[in-house]
Every structure is written in C-alpha cells, then in structure tokens.
Amino acid sequence: MQVFVRAERSHAFAVRPETTVDELHALVRARLGAAAPPRLALGGRAIADGRVALREYGVGNGSTLDALGRLRGGCAVVAVVLADESMHVNQMIFDALTVLQHRGQDAAGIVTNEGKKLHLRKGNGLVASVFTQDSMLQMRGAMGIGHCRYPTAGSSSSAEAQPLYTNYPYGLCISHNGNLTNAHALKGDVEAHCRHVNTASDSELLLSVFAQGLAKVRSEGTDTLDADAIFYACSVAFKKCVGGFAVALLINDVGVVCFRDPFGIRPLMFGRRAQTHGRYDYAIASESVGVDMLTDSSGELFELVRDLAPGEAVFFPKGGLPPLSRHCVPSARLCPCLFEYVYFARPDSVMDGVAVYEARLRMGTTLAAKIQRQLGPMWEEIDVVIPVPDTSRTSALSLAEALNRPYREGFIKNRYIARTFIMPGHEARKKGVRVKLNTIKSEFKNKAVLLVDDSIVRGTTCSEIVQMARDAGAAKVFFSSAAPAVRYPNVYGINIPTKRELIAHGREEAEIAELIGADWVAYQELADLKAAVQDINPALRGCTFEASVFDGDYLTGDIGEDYFARDEEDRSRHGRGGGEINIVQIPRALSMKDRRPSMGNAQRVAYLGETQD
1 MQVFVRAERS HAFAVRPETT VDELHALVRA RLGAAAPPRL ALGGRAIADG
51 RVALREYGVG NGSTLDALGR LRGGCAVVAV VLADESMHVN QMIFDALTVL
101 QHRGQDAAGI VTNEGKKLHL RKGNGLVASV FTQDSMLQMR GAMGIGHCRY
151 PTAGSSSSAE AQPLYTNYPY GLCISHNGNL TNAHALKGDV EAHCRHVNTA
201 SDSELLLSVF AQGLAKVRSE GTDTLDADAI FYACSVAFKK CVGGFAVALL
251 INDVGVVCFR DPFGIRPLMF GRRAQTHGRY DYAIASESVG VDMLTDSSGE
301 LFELVRDLAP GEAVFFPKGG LPPLSRHCVP SARLCPCLFE YVYFARPDSV
351 MDGVAVYEAR LRMGTTLAAK IQRQLGPMWE EIDVVIPVPD TSRTSALSLA
401 EALNRPYREG FIKNRYIART FIMPGHEARK KGVRVKLNTI KSEFKNKAVL
451 LVDDSIVRGT TCSEIVQMAR DAGAAKVFFS SAAPAVRYPN VYGINIPTKR
501 ELIAHGREEA EIAELIGADW VAYQELADLK AAVQDINPAL RGCTFEASVF
551 DGDYLTGDIG EDYFARDEED RSRHGRGGGE INIVQIPRAL SMKDRRPSMG
601 NAQRVAYLGE TQD
C-alpha cells in the first residue's frame with residue numbers, strides 16, 4: 001500500500017500494513033536526511049509507540065501522516081503604531097528587528113496595515129536577507145508588527161515564520177515570544193471549536209484562542225470592536241493559555257494589542273514619541289534597545305515608558321490615540337527569566353528595570369568570589385582571563401578586575417555565522433565552533449588560562465574551545481560559567497528541551513571538567529546570580545525568578561516527569577539525544593506545509609486585502 005508523509009510537501013512511501021511506525025520513519029529519514037522530522041503524527045496526534053504496526057493506528061492505503069516536532073516559542077517581538085496615518089512603519093520595524101537579530105536568526109517577518117489592507121512578508125533567514133528594497137516598498141501602512149524566530153523546537157519551514165495570520169473574525173496577525181506548556185490540550189480545544197490548525201506552532205493556537213474570544217463577543221451582537229471586546233479576548237487567552245508568552249497582536253484597521261504572561265517570564269515593553277495634537281507614536285519590543293534606537297528623518301527618538309506588567313494587556317489604537325491598559329490576571333506576579341540577563345539580551349538593554357550590562361558586571365564579580373572560595377590558593381595559578389565571545393565579555397571584564405589578573409581577547413570571532421546554540425545538529429555545532437572562532441596564539445602560549453563563558457548548556461561548544469586553547473599552547477585551561485549549572489529542560493521558550501542534552505544533569509563539576517577537557521570548571525551560584533540582578537533593581541528583591549533550567553522549579557505548576565517522558569522517549573527511539581558523553585543531539589529541522597492560501601508564498605509579499613466582516 002502507499003502512504004504519505006506531509007513535511008514541506010507530501011512524500012509517498014510504499015509500505016505493508018504490518019510495517020511499523022519506526023520502519024516507516026527509517027524510510028523517511030533515508031529520503032529526507034536532515035529535513036526528516038523527529039516524529040510522526042496521525043490526525044494531529046503524535047504516534048507514541050513506534051514499534052506498533054501502521055494498521056494498528058488505522059493507517060491504510062492513501063493515509064497521510066504529518067511531520068511533527070515539539071511546539072516552540074518565538075524570540076523577538078516588535079510593533080509600531082504611528083500617529084500620522086500617511087506615514088509608514090516598514091523601515092522602523094525592520095530597524096528594530098535588526099537590532100534584535102541576536103534573539104533569533106532562523107526566520108523573520110513583518111506585516112503592515114494600510115487601511116483595511118494587510119501586507120505580509122516572512123521567510124527563513126536573517127532580517128536583511130528576508131526583506132529586499134522592492135518588498136519593503138510594498139509594506140505600506142502606519143502600523144504593523146514584526147518577529148524574529150529562534151528555533152527552540154518544531155519547524156524550520158517558512159510556514160511557522162511569524163507573524164501568523166487568520167482572517168476570522170476581523171483579520172488578526174500575531175507575533176509571539178515564548179512557549180505554551182498546555183499546547184497539546186489547547187490544540188484539541190481549538191479544533192473542537194472548528195478551527196483548523198495549520199502548523200505545529202503554539203503561536204497559532206494562541207492566535208486561535210484570541211480569535212475565539214473576539215468571535216464570542218461578535219456572536220452576542222456586538223458589531224463595534226472596542227477596547228472592552230479586545231480585553232475580553234485577552235482574558236480568554238490568559239484563562240486558556242499556560243506558559244511563558246509575550247505577544248503583539250495586530251487587529252486589522254483597529255490597532256495593536258500587547259500582553260504578557262501572568263509571571264512576566266518573557267520580556268515586553270513600550271515607548272513613545274510625541275507628535276502633533278497631543279498624539280504619540282508608539283513602539284513595542286522585547287528589549288528596550290528595540291525601542292530607544294528607533295528614529296525617522298526628523299531624528300526624534302522614542303522614550304522608553306515602561307515594561308508591561310505580568311498579566312497585563314495594553315491596547316494601542318490606530319492613529320496614536322492614548323493606549324488603554326487592563327490587568328487581566330489579578331494573581332499575576334513578576335518572575336522574569338534569569339537566562340535573559342545571562343545570555344539572550346543585548347548588554348545595552350534594560351528589562352524590568354535591570355540594566356543588562358550592569359547585571360553582567362556583577363555576575364563577573366560574584367563568579368570571581370566563587371572561584372576563590374572553591375579553589376582556595378589554586379586560583380592564583382591563573383595567568384590571564386579570556387572571554388568566549390561575545391556575551392561573556394562583560395562578566396569576564398569584572399571577573400579579571402576582581403582577581404587582579406589581565407583581561408585579554410584570545411578568540412577572534414567571525415561575525416557572519418549563526419550562533420552555535422541556535423545551529424541545528426550536534427555535528428553542525430561542533431564544526432561551527434572552529435569556523436566561528438580563531439585563536440590569538442600569543443595569548444595562550446605557556447599560560448594558565450581562565451576561560452569565561454556565559455553558560456554551559458550541552459557542552460559541545462566549550463569542549464571545542466578548551467581544545468582550541470590547548471592547541472594554541474595553553475599550559476592549563478580553566479573554564480568558568482557566568483551562569484549556574486544548567487541541569488533541567490526549559491519549557492518557556494528556550495531550546496533546552498531534554499535532560500539528556502545537558503552536560504551538567506546528574507554530574508558534578510569535576511566530571512564536567514573531565515568531559516570537556518578542562519583542568520577545572522567553576523559555575524556561578526544561583527543565589528549570586530539572583531543577587532546580581534536584584535542589586536540593579538531592588539524592587540526585584542524577594543521575587544521568584546524563572547530559573548527552572550537551574551533549579552528544576554517550574555512556575556506554572558503543570559510540569560512533571562510525564563511532560564517530558566513522551567518527548568524524550570520519542571527522541572531516544574529515533575536517535576535524537578542518545579550518546580554517552582556530551583548528550584548534545586537535538587531534533588532535526590521539521591518542515592510543515594503551510595496550507596493557508598491567504599499567506600501566499602513566504603518569499604514574496606502576500607497581499608491579504610480587505611477582511612470580510
């Protein structure tokens with residue numbers, strides 16, 4: 001019989017009814033190679049036991065199985081609403097996405113709103129490669145949203161590039177940063193309301209839930225889409241969606257509404273710029289740098305106003321009218337993600353009142369104290385402190401100062417290659433290190449070198465870097481991490497999906513040092529990391545940070561071993577995440593076909609036209 005596996009397109013395979021799912025998956029991997037999905041699904045549900053024959057799942061001649069990957073979060077969110085509706089936001093959103101490119105290099109997209117017309121362009125790649133001069137000229141309109149994708153999991157196809165669009169009930173587009181932990185249950189709820197799910201993205205589910213809320217208001221005879229209706233839809237999203245999320249959602253010819261999860265895990269903030277008649281231009285972004293660098297031909301800059309509060313929704317009407325705010329979750333509390341300050345954020349950003357640069361300086365100082373406590377007199381062997389570019393530079397500076405040792409640049413970075421944390425596949429990451437970095441041998445030769453990195457996650461990069469230092473002539477190589485040991489998966493939008501991928505899970509520092517080839521390894525203490533952030537903003541003292549990758553404590557309360565068991569079992573069965581030492585393999589890129597004709601070709605501008613009321 002013949003069955004089909006739907007990935008970027010449908011692929012036909014000749015099989016027997018007694019062929020197992022594992023055997024079919026082997027055929028898929030043989031044909032698609034790196035594009036093979038980590039698992040298969042039937043009717044939107046993952047096939048849990050690959051040893052079972054296809055016929056036991058009801059698969060027959062002509063059946064179609066879907067490529068399926070772990071639902072993922074986005075990375076950088078941007079929105080701009082201008083007071084002068086004759087002006088265009090295209091360049092401003094492009095500029096903001098460019099300065100937030102560090103948050104995601106997998107895909108980018110922009111949608112603008114001109115009257116009742118929506119102009120959408122999105123695709124895989126960097127911001128500069130997705131948008132051409134011709135396409136930018138077609139992105140007209142005085143408000144819009146943008147997105148950069150970080151491939152935490154799921155598809156790398158353009159179908160899941162954001163913004164995502166639905167034309168019901170009013171014409172909605174979403175940019176989402178984060179991850180929903182109840183996505184599988186939510187998918188069933190969405191489909192029960194006769195909403196077709198086109199992708200494996202939880203962002204589409206969030207969009208559908210918001211649309212359900214607006215549709216309910218409309219079904220009750222309310223034709224006017226006012227702030228109350230919008231906030232009601234937000235409250236529906238808050239009620240049904242669990243996890244970490246920061247959202248910018250454009251409503252066609254109405255405005256932009258932004259909201260942040262009840263724990264404030266993922267960052268979101270807005271700024272404004274004065275215009276005539278008491279109106280303002282508004283800019284919303286994942287980091288302050290995405291707001292305060294925006295300008296136009298007049299040279300006027302935006303002023304950062306504030307961060308969105310946890311559980312808060314802010315509606316920015318078109319035309320620069322004053323924004324309206326509502327706290328939709330009374331029990332909300334601020335628990336920002338600590339990994340944002342360690343790794344993701346640009347050093348010149350400010351998030352939740354914390355200047356990232358200042359926090360990283362303090363991380364270096366506290367790490368120096370930890371090294372002295374841990375090693376005793378042995379720390380005096382250190383001859384030089386060398387950062388692993390780029391994020392760790394700030395912490396390495398203050399660490400060197402605290403230890404009274406010279407700070408040197410020993411690695412030169414090729415800036416035109418993706419970050420290895422983001423690059424798919426273990427071998428790709430290993431090769432990427434050598435292409436990405438080169439050593440200045442004079443800084444290593446015959447020296448005891450202390451290397452400083454922002455974190456140690458899978459162990460691939462640091463083991464290669466240690467070897468590079470030895471190849472450059474280092475007498476001893478010590479390795480330190482500005483973050484505590486990453487021992488647990490992340491479920492709120494960071495690509496740390498399984499324990500088996502983490503070199504620190506179940507291991508002590510001496511074991512890790514041996515595995516990466518270092519003479520010793522030193523990690524930041526979690527209490528010191530929290531203090532480094534809280535010292536910048538005393539209002540955060542006493543708050544519970546989202547630090548699950550370090551302590552295994554998941555704020556949403558819905559994460560247990562059963563949450564990971566299905567995913568880990570499937571990865572192991574299909575050879576994703578095996579291995580004995582660094583445990584660094586991750587799911588291969590998954591492609592899903594975009595079946596929504598309104599999206600058009602992802603490599604050209606999609607004219608969505610007027611939505612029907």
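Using UniProt numbering, count along the sequence shown one by one with no gaps and you end on 613. The beta-carbon is built from N, C-alpha and C at its ideal position, and this holds for glycine as well.
Item: Name the two residues that bound the continuous beta strand (DSSP E) containing L180.; Value: L172 to L180
Item: Do you know how far the Cα of A332 is from the Cα of G271?; Value: 23 Å
Item: Label G376 either buried or exposed according to how many other C-beta atoms from any shown protein chain fall within 10 Å of its C-beta, with 16 as the threshold for buried.; Value: exposed
Item: Can at least three beta-carbon pairs, one atom from the stretch 306–326 and one from the stretch 251–259, be found at a separation below 8 Å?; Value: yes
Item: Whole angstroms is fine: what's the gap from L502's alpha carbon to D390's?; Value: 22 Å
Item: Work out the CA separation of I465 and F411 for me, nearest whole Å.; Value: 9 Å
Item: So, with DSSP's three-state summary, where would you put C234?; Value: helix
Item: Could you name the residues of the same chain whose beta carbon sits closer than 6 Å to that of M363, not counting the 5 residues immediately before and after it, in chain order?; Value: S395, A482 and A532
Item: Could you tell me the boundaries of the alpha helix (DSSP H) in which K370 lies?; Value: V356 to L375
Item: Residues in its own chain within less than 8 Å of V52 by CB, not counting five upstream and five downstream?; Value: T20 and V21
Item: Evaluate H147 with the Cβ neighbour count: other Cβ atoms within 10 Å of its Cβ, from every protein chain shown; 16 or more gives buried, anything less gives exposed.; Value: buried
Item: Which two residues bound the contiguous beta strand (DSSP E) that contains C462?; Value: Run containing C462: none in the beta strand (DSSP E); it sits in the alpha helix (DSSP H), T460 to D471.
Item: Does C543 come within less than 9 Å of chain C when only Cβ atoms are used?; Value: Given the protein chain composition of this structure (a single chain), no chain C is represented.
Item: From L294 to N90, what does the alpha carbon distance come to, in whole angstroms?; Value: 12 Å
Item: Taking just the CA atoms, how far does G557 sit from E509?; Value: 29 Å
Item: How many angstroms separate the CA atom of A153 from the CA atom of R541?; Value: Reliability fails at A153, whose pLDDT of 44 lies under 50, so the model's placement of it is uncertain and no value is given.
Item: Does DSSP put A153 in a helix, a strand or coil?; Value: With a pLDDT of 44 at A153, under the threshold of 50, the modelled position of that residue is not reliable, and the figure given next carries that caveat. It is coil, neither helix nor strand.
Item: Please report the straight-line C-alpha distance between I386 and V435, rounded to a whole angstrom.; Value: 19 Å
Item: At what residues does the alpha helix (DSSP H) containing N90 begin and finish?; Value: N90 to V99
Item: Between the beta-carbon of V388 and the beta-carbon of D454, is there less than 9 Å?; Value: yes
Item: Buried or exposed, going by whether 16 or more other CB atoms sit within 10 Å of the CB of N495?; Value: buried
Item: If we count the other Cβ atoms within 10 Å of its Cβ and call it buried at 16 or more, is N490 buried or exposed?; Value: buried
Item: Tell me the DSSP secondary structure of Y488 in three-state form.; Value: coil
Item: Please say whether A192 and G213 have beta carbons closer to each other than 9 Å?; Value: no
Item: Let me know if S155 comes out buried or exposed under the rule of 16 or more other beta-carbons within 10 Å of its beta-carbon.; Value: Since pLDDT at S155 reaches only 49, below the 50 mark, its modelled position is unreliable, and no value is offered.
Item: Alpha carbon to alpha carbon, how far is L27 from S349? Give it in angstroms, no decimals.; Value: 47 Å
Item: What ranges does the beta strand (DSSP E) occupy inside the stretch 220–279, keeping only unbroken runs of at least 3 residues that lie completely in it?; Value: 243–251, 255–260 and 269–274
Item: Say whether the stretch 105–113 touches the stretch 279–293, bearing in mind that this needs 3 or more beta-carbon pairs closer than 8 Å, one atom from each stretch.; Value: no
Item: Return the Cβ separation of residue 680 and A469 in integer angstroms, given the expectation that the two are a contact with Cβ distance under 8 Å.; Value: Nothing in the structure corresponds to residue 680, since the chain is present only between 1 and 613.
Item: Given that a residue counts as buried once 16 or more other Cβ atoms are within 10 Å of its Cβ, and exposed if not, what is S288?; Value: buried
Item: With respect to the beta strand (DSSP E) encompassing I386, which residues constitute its N-terminal and C-terminal limits?; Value: V384 to P387
Item: Going along the chain, which residues of its own chain have a beta-carbon closer than 7 Å to the beta-carbon of Q101, five neighbours each way excluded?; Value: L126, V127 and C148
Item: Could you round the C-beta distance between L206 and V247 to whole angstroms and report it? I think they count as a contact, below 8 Å.; Value: 7 Å
Item: Residues in the same chain with beta-carbon distance under 6 Å from Q372, minus the five sequence neighbours each way, listed in chain order, please.; Value: W379
Item: Contact defined as beta carbons within less than 8 Å: I believe D228 pairs with M269. What is the distance between those atoms, to the nearest angstrom?; Value: Their Cβ separation, rounded to whole angstroms, is 25 Å, which puts D228 and M269 out of contact at 8 Å.
Item: Just the C-alpha distance for D528 and D535, rounded to the nearest angstrom, thanks.; Value: 10 Å
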